[in-house]
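Undergrad: Sequence lines, in order, name chains G and R.
Position one of the first sequence corresponds to residue 106 (this note's numbering), numbered consecutively onward.
Position one of the second sequence corresponds to residue 106 (this note's numbering), numbered consecutively onward.
There are 2 protein chains.
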Amino acid sequence: MKARVVVTLKTGVLDPQGKAIEGALASLGIAGVGGVRQGKVFDIELAQPDADAARETLKAACEKLLANTVIENYTIDIA
Amino acid sequence: MKARVVVTLKTGVLDPQGKAIEGALASLGIAGVGGVRQGKVFDIELAQPDADAARETLKAACEKLLANTVIENYTIDIA
Numbered sequence: 106m107k108a109r110v111v112v113t114l115k116t117g118v119l120d121p122q123g124k125a126i127e128g129a130l131a132s133l134g135i136a137g138v139g140g141v142r143q144g145k146v147f148d149i150e151l152a153q154p155d156a157d158a159a160r161e162t163l164k165a166a167c168e169k170l171l172a173n174t175v176i177e178n179y180t181i182d183i184a
Numbered sequence: 106m107k108a109r110v111v112v113t114l115k116t117g118v119l120d121p122q123g124k125a126i127e128g129a130l131a132s133l134g135i136a137g138v139g140g141v142r143q144g145k146v147f148d149i150e151l152a153q154p155d156a157d158a159a160r161e162t163l164k165a166a167c168e169k170l171l172a173n174t175v176i177e178n179y180t181i182d183i184a
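1) Quick check on Arg142/G - is its C-beta less than 7 Å from some C-beta in chain R?
2) Looking at the structure shown, is Ile126/G part of a helix, part of a strand, or coil, going by DSSP?
3) Relative to the alpha-carbon of Leu151/R, which residue among Gln143/G, Val138/G and Ala158/G has its alpha-carbon at the smallest distance?
4) Buried or exposed for Glu190/R, going by 16 or more other Cβ atoms inside 10 Å?
5) Please list the residues of the region 146–157 of chain G that have a C-beta atom closer than 7 Å to any C-beta atom in chain R, keeping them in chain order.
6) Which of the residues in the region 118–136 of chain G, read from start to end, lie with their CB under 8 Å from any CB of chain R?
7) Reducing DSSP to helix, strand and coil, say where Leu119/R ends up.
8) Give a yes or no on whether 7 Å exceeds the smallest Cβ distance from Leu114/R to chain B.
9) Do we get a CB-CB distance below 7 Å when we pair Ala108/R with the residues of chain G?
10) Quick check: what's the CA-CA separation for Ile135/G versus Pro154/R?
11) Is the shortest distance between the beta-carbon of Lys164/R and the beta-carbons of chain G less than 7 Å?
12) Taking all protein chains shown into account, do 16 or more other C-beta atoms lie within 10 angstroms of the C-beta of Ala131/R, making it buried, or fewer, making it exposed?
13) Using a beta-carbon distance below 7 Å, is Val175/G in contact with chain R?
14) How would you label Gly117/R, buried or exposed, when you count the other beta carbons within 10 angstroms and need 16 or more for buried?
15) Give the secondary structure of Ala184/G by DSSP, where H, G and I count as helix, E and B as strand, and everything else as coil.
Listed below in structure tokens is the structure:
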């Protein structure tokens, strides 16, 4: 079973990396970009055949390792 | 208009970061994870009201800055 976890910064948390990308795009002549926020994506292969068990595993993985829940949100999509 | 760009490593390209996460999850006692590949996600706010123009802008941004197309794939989702 495959799953995708997306970790993004919470609203209001400063994202200097996103700001740098915004500036770089402008200096490359790519106009019309109003804002950029960067996050992380994890494509995870799971042994569990059951979607509920897989979701529990991924939730534990996010809480313990993949996301810093003080400043980041995560979403889990199981394919 | 909001868009999400996801940049992932191409199949066959080694992902030491993903391997490290896999090892860390195992040592945290989270079982059943067969493989992890890490990528990047960009949430981009666009000024263009037209989806086609927005897609062209994002394609240029990916080719020039966001993705290294030698080793990475990108997908563009416009909301």
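Think of the CB as a built atom: it goes at the ideal place given N, C-alpha and C, for glycine as much as any other residue.
TA: Judging by the given coordinates:
1) yes
2) helix
3) Val138/G
4) The question about residue 190/R has no answer, for chain R in this structure spans 106 to 184.
5) Val146, Phe147, Asp148, Ile149, Glu150, Leu151, Ala152 and Gln153
6) Gly123, Ile126, Ala129, Leu130, Leu133, Ile135 and Ala136
7) coil
8) Looking for chain B here will not work: the only protein chains present are G and R.
9) no
10) 16 Å
11) no
12) exposed
13) no
14) exposed
15) coil
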